[in-house]
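In my numbering, the protein residues as written are 1 to 172. We treat Cβ as the ideally placed atom computed from N, Cα and C, and that holds for glycine. Here the structure is a predicted model, which is why all the values come from computation and not from measurement.
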Amino acid sequence: MSDKIKLLQGDITKIAAEAIVNAANSSLLGGGGVDGAIHRAGGKTILAECQAIRDRQGGCNEGDAVITGAGNLPARYVIHTVGPVWHGGQNGEPAVLRSAYHRCFDLTDQYAIKTLSFPNISTGIYRFPKKLAAQIAVEVILERTSADIEAVNIVCFEPENYAIYRDLLDKL
Ligand code: ADP
């Protein structure tokens with residue numbers, strides 16, 4: 001499966017994929033980092049759909065994910081997942097991050113999505129240690145990239161994350 005995993009560096013909003021994963025917060029109302037970039041580039045319809053999900057279910061829990069359309073992005077869907085805020089690692093943060101990746105794949109399977117792009121969830125404003133986050137991401141991506149999925153892009157914004165993933169993927 002590892003030949004389907006592509007490591008890229010850049011802005012996730014500029015890379016075409018059937019689904020783009022957003023590192024959202026539980027309000028689903030947009031924020032900084034990649035969340036801000038996705039809503040800026042995607043336009044108002046994404047926020048309107050997030051608002052409708054809020055009205056229905058009151059946001060999105062940490063470790064869970066929801067799906068919307070992708071507005072003006074070069075994608076069909078945005079999968080909004082909420083990673084954990086790092087509080088030292090004794091509060092189940094690794095399991096919550098693992099769950100966030102799994103829930104993205106649950107939606108990928110449910111919507112028969114063939115290509116998807118992940119940002120480095122929780123490693124920005126939420127301060128999750130980058131190496132551990134990358135290990136968890138690669139483990140779940142390897143486990144869940146089924147025969148039906150054509151490509152999974154790992155899109156690193158920061159050179160530091162790119163180097164961490166390069167190292168991990170080269171060892172596979
Ligand atoms: P979180 O709150 O989950 O930590 P952030 O958006 O702060 O979310 O950071 C998650 C990751 O997304 C970080 O590695 C950050 O560098 C990266 N990032 C920020 N902007 C973009 C972008 N436009 N495309 C891809 N990744 C981005």
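query: Less than 8 Å between the C-beta atoms of Leu8 and Ala41, yes or no?; result: no
query: Where Gly31 and Ile5 are concerned, what is the direct C-alpha to C-alpha distance, given to the nearest angstrom?; result: 28 Å
query: Would Thr108 and Leu116 be called neighbours here (beta carbons separated by less than 8 Å)?; result: yes
query: Please classify Gly67 as buried or exposed, where buried requires at least 16 neighbouring CB atoms within 10 angstroms.; result: According to the sequence displayed, residue 67 carries Ile and not Gly. Label assigned to Ile67: buried.
query: So what does DSSP say about Lys171, is it helix, strand or coil?; result: coil
query: Taking Gly92 as the reference, give the member of Gly71, Gly58, Ala147, Phe128 with the closest Cα.; result: Phe128
query: Based on Cα-Cα distance, which residue from Asp148, Pro119, Gln57 lies nearest to Ala134?; result: Pro119
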